[in-house]
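Working notes, beginning with the structure itself.
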Amino acid sequence: MSNIIKGIAASDGVAIAKAYLLVEPDLSFSNEKTDNPEAEVQKFNEALNNSKIELTKIRNHAEEQLGADKAAIFDAHLLVLDDPELIQPIEEKIKNESASAPQALTEVTQGFITIFESMDNEYMKERAADIRDVSKRVLAHILGVELPNPSIIDESVIIVAHDLTPSDTAQLNKQYVQGFVTNIGGRTSHSAIMSRSLEIPAVVGTKSISESVQQGDMVIVDGLTGDVIVNPSDDEIKAYQHKRESFFADREALKQLRDEPSKTLDGHEVELAANIGTPNDLEGVHNNGAEGIGLYRTEFLYMGRDNMPTEDEQFEAYKKVLESMEGKRVVVRTLDIGGDKELPYLNLPEEMNPFLGYRAIRLCLDQPEIFRPQLRALLRASAYGKLNIMFPMVATIQEFRDAKALLLEEKENLKQEGVEVSDDIELGIMVEIPATAALADVFAKEVDFFSIGTNDLIQYTMAADRMSERVSYLYQPYNPSILRLIKQVIDASHQEGKWTGMCGEMAGDETAIPLLIGLGLDEFSMSATSILKARRQIKDLSRTEMVQLADRALNCATVDEVVDLVKEKTTKA
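Its first residue numbered 1, the sequence shown is counted upward by one per residue in full-length UniProt numbering.
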């Protein structure tokens, strides 16, 4: 009998496939002595060989999919498995002390890890991490437990996990991963945002999916409603196959709008742009008729690796995106690390409230040795297209001035080096802190544009962690308080002859779009897959009527009142 689990619809579409559990397995064992040391040594050696075979496969796949630099970490892991200084003491502990293979492996490797971690040398500290990873793999083979690894999946699956990190999600292979479901998260968690970029159906915030599904169970993910059906009946599979076909048919019909302008019934034109994480997302940008890129999240260049990307690596990535867009505007957000996005090699301090802590522009201004190479790479790339740069998490006018000063300094340095740099770069900020929205009239005199980051603006205004499903009801994009802040920002920019965009998930929300048209938003930036649906919706709206709708919404008391207003005004008779 099937089991229906409710979650939060995070990425449109319907997926039907076997479950692949991406959860930490139980690697516990008893510390009993062995009475057959030879058998334990053999067990250990077999686990070593199996680990080598597995790591070689992972290494080759990483090189093929992600490049030689990403594969290098697995070369280091393979060297650990061949190191006699590590292997010999484990075998001796089994033979001389009658230790079991798991116990000998754990005690010896933990000794090395402790030594390496205590060293000041950064390289040696990294070796500790290599030994930890490798020993976990060998231990899993000794215990006969399978370690999950999404990068080597070679059949159609639905990923089931407690949560997915941004780098986990970035490495999912669209050819095989049909969808994913998680215990935690909301529509604005980074795994959800990445799933929309990858065009993979996703449901998040189910609370218990990882405990409700066994490896290999058949699962249906309905990213349109937030339903997950575990072990569906034949009739349910047929019904959802039909729903999936209807979804694809509608998507095909929308393609006719790809080259159409984004214009209301009464001729008011706006810009529909795409949010991207890597140059790999460009195919979706072009296929969905984006009129620009409103948010290029550069932090994904820094993730899933062991060291900082070089200036040249960054330059090549930015250049590729700018050239591909052929003169259309590309808004690049400078490094936004912190909150739920961590870089292990930065060794950032653990914080009680990381979303309110040392992140984004705060980190970049404090560590200019990280910030300057990115600014130089962006400036060098500016010669290849229409570049806009925006700084995230700006709370004070001084932060913007300091960031701008660094940029202008590096621009002058490059010009003196004879490097071509565009003189037509617009500088803006993300408005995601209520204090910034409140002071928008002051900021508007100094910035070239605003881009409203509603994901954070909503959580900070409502004092509700957007990663917590328990307070997900407070993620209220249409709350009159949020609408008033948005209007304040848009009006302030227009007063100074500047423009305002929105790069939060609200920009592609079908209930929000009529309100945002009425509030005067100039640019809507969203997941590429949302663009054609938004264009179809905008073509059926009257700007004049939406201005009246927005004025009424600003004077509502509750979200429900606003939603009812939108339905009443936009539902066709």
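C-beta atoms are modelled at their ideal positions from N, C-alpha and C, and glycine is treated no differently.
Practice task
Give a yes or no on whether the C-beta atoms belonging to residue 188 and residue 460 are separated by under 8 Å.
Solution key: Start at 1 with the first residue of the sequence shown, and residue 188 comes out as number 188. Start at 1 with the first residue of the sequence shown, and residue 460 comes out as number 460. No, Cβ-Cβ distance for residue 188 and residue 460 is not below 8 Å.
Practice task
Go through its chain and collect everything with a Cβ distance to residue 103's Cβ below 6 Å, but skip five positions before and after it.
Solution key: Against the sequence shown, residue 103 aligns to sequence position 103. Once the five neighbours on either side are set aside, the close Cβ partners of residue 103 are 31.
Practice task
Report yes if the CB atom of residue 275 is closer than 8 Å to the CB atom of residue 295, and no otherwise.
Solution key: As a position in the sequence shown, residue 275 is number 275, starting the count at 1. As a position in the sequence shown, residue 295 is number 295, starting the count at 1. The answer is yes: Cβ separation under 8 Å.
Exercise for the section: Grab the span of the beta strand (DSSP E) containing residue 11 for me, first residue to last. Expected result: Along the sequence shown, one-based indexing puts residue 11 at 11. 8–11 is the extent of the beta strand (DSSP E) around residue 11.
Practice task
Using beta-carbon positions only, say whether residue 318 and residue 408 come within less than 8 Å of one another.
Solution key: Position 318 of the sequence shown, counting from 1, holds the residue named residue 318. Position 408 of the sequence shown, counting from 1, holds the residue named residue 408. Against a cut-off of 8 Å, the Cβ pair of residue 408 and residue 318 comes out as no contact.
Problem - residue 390: first and last residue of the uninterrupted beta strand (DSSP E) it sits in - result: The residue you call residue 390 lines up with position 390 of the sequence shown. That run of the beta strand (DSSP E) goes 386–391.
Practice task
Could you check if residue 127 is buried or exposed, using at least 16 other CB atoms within 10 Å of its CB as the buried criterion?
Solution key: Counting from 1 along the sequence shown, the entry for residue 127 is found at position 127. Per the 10 Å Cβ criterion, buried.
Exercise for the section: Hey, could you find the ends of the beta strand (DSSP E) residue 329 is sitting in? Expected result: Taking the first residue of the sequence shown as position 1, residue 329 is located at position 329. Note, residue 329: beta strand (DSSP E), 329–333.
Practice task
Measure the Cβ-Cβ separation of residue 472 and residue 205 and say whether it is below 8 Å.
Solution key: Counted from its first residue, the sequence shown places residue 472 at position 472. Counted from its first residue, the sequence shown places residue 205 at position 205. Yes, Cβ-Cβ distance for residue 472 and residue 205 is below 8 Å.
Handout entry: Counterpart residues of residue 20 in DSSP-defined beta bridges
Key = By one-based count along the sequence shown, residue 20 stands at place 20. BP columns for residue 20 point to 159.
Exercise for the section: Can you grab the Cα-Cα spacing for the pair residue 513 / residue 454, in whole Å? Expected result: For the purposes of this step, residue 513 is identified with residue 513 of the sequence shown, where counting begins at 1. For the purposes of this step, residue 454 is identified with residue 454 of the sequence shown, where counting begins at 1. Rounded to whole angstroms, residue 513 to residue 454 spans 13 Å at the Cα level.
Practice task
With DSSP as the reference, label residue 478 as helix, strand or coil.
Solution key: By 1-based counting over the sequence shown, the position of residue 478 is 478. Correct three-state label for residue 478: coil.
Exercise for the section: Please say whether residue 195 and residue 284 have beta carbons closer to each other than 8 Å? Expected result: The residue labelled residue 284 in the question sits at position 284 within the sequence shown. The residue labelled residue 195 in the question sits at position 195 within the sequence shown. Not closer than 8 Å, so no.
Practice task
Taking only runs that begin and end inside the segment 331–385, name each unbroken alpha helix (DSSP H) of 4 or more residues, in chain order.
Solution key: 360–366, 368–381
Practice task
Could you tell me whether the segment 383–400 touches the segment 426–440, using the rule of 3 or more Cβ pairs below 8 Å?
Solution key: yes
Handout entry: residue 182 - DSSP class collapsed to helix/strand/coil
Key = Counted from its first residue, the sequence shown places residue 182 at position 182. Correct three-state label for residue 182: strand.
Problem - Between the CA atoms of residue 82 and residue 105 - distance to the nearest angstrom - result: Here the question's residue 105 lines up with position 105 in the sequence shown. Here the question's residue 82 lines up with position 82 in the sequence shown. When rounded, the distance between both Cα atoms is 14 Å.
Handout entry: Nearest residue (CA-CA) to residue 77, options 523, 4, 132
Key = Locating residue 77 in the sequence shown gives position 77, where the first residue counts as 1. Ranking 523, 4, 132 by Cα distance to residue 77 puts 132 first.
Problem - Counterpart residues of residue 49 in DSSP-defined beta bridges - result: For this step, residue 49 is matched to residue 49 along the sequence shown. For residue 49, which the question treats as bridged, DSSP gives no partner whatsoever.
Exercise for the section: Determine the DSSP secondary structure at residue 296, reduced to helix, strand or coil. Expected result: Translated into the one-based positions of the sequence shown, residue 296 becomes position 296. Three-state result, residue 296: strand.
Handout entry: Residues near residue 152 in its chain [Cβ-Cβ closer than 7 Å; skip 5 each side]
Key = Within the sequence shown, numbered from 1, the residue matching residue 152 stands at position 152. Answer for residue 152: 57, 58, 61, listed in chain order.
Exercise for the section: Take residue 362 and list the residues in its own chain whose beta-carbon comes closer than 7 Å to its own, dropping the five residues that flank it on each side. Expected result: In the sequence shown, counting from the first residue as 1, residue 362 sits at position 362. The residues are 393.
Handout entry: Beta carbon of residue 554 nearer than 8 Å to that of residue 480
Key = Numbered from its first residue, the sequence shown carries residue 554 at position 554. Numbered from its first residue, the sequence shown carries residue 480 at position 480. Closer than 8 Å, so yes.
Practice task
Pick helix, strand or coil for residue 500, following the three-state DSSP scheme.
Solution key: The residue labelled residue 500 in the question sits at position 500 within the sequence shown. Residue state, collapsed to three classes: strand.
Practice task
Return the CA-CA distance between residue 256 and residue 218, expressed in angstroms with no decimal places.
Solution key: Your numbering for residue 256 matches position 256 in the sequence shown. Your numbering for residue 218 matches position 218 in the sequence shown. Roughly 35 Å separates the two Cα atoms.
Handout entry: Per-residue burial, residue 141 [other beta carbons within 10 Å of its own, 16 or more giving buried]
Key = Along the sequence shown, read from residue 1 onward, the residue named residue 141 stands at position 141. It is buried - the Cβ of residue 141 has at least 16 other Cβ atoms within 10 Å.
Exercise for the section: Count the CB pairs spanning the segment 528–537 and the segment 476–496 that are closer than 8 Å, and state whether there are at least three. Expected result: no
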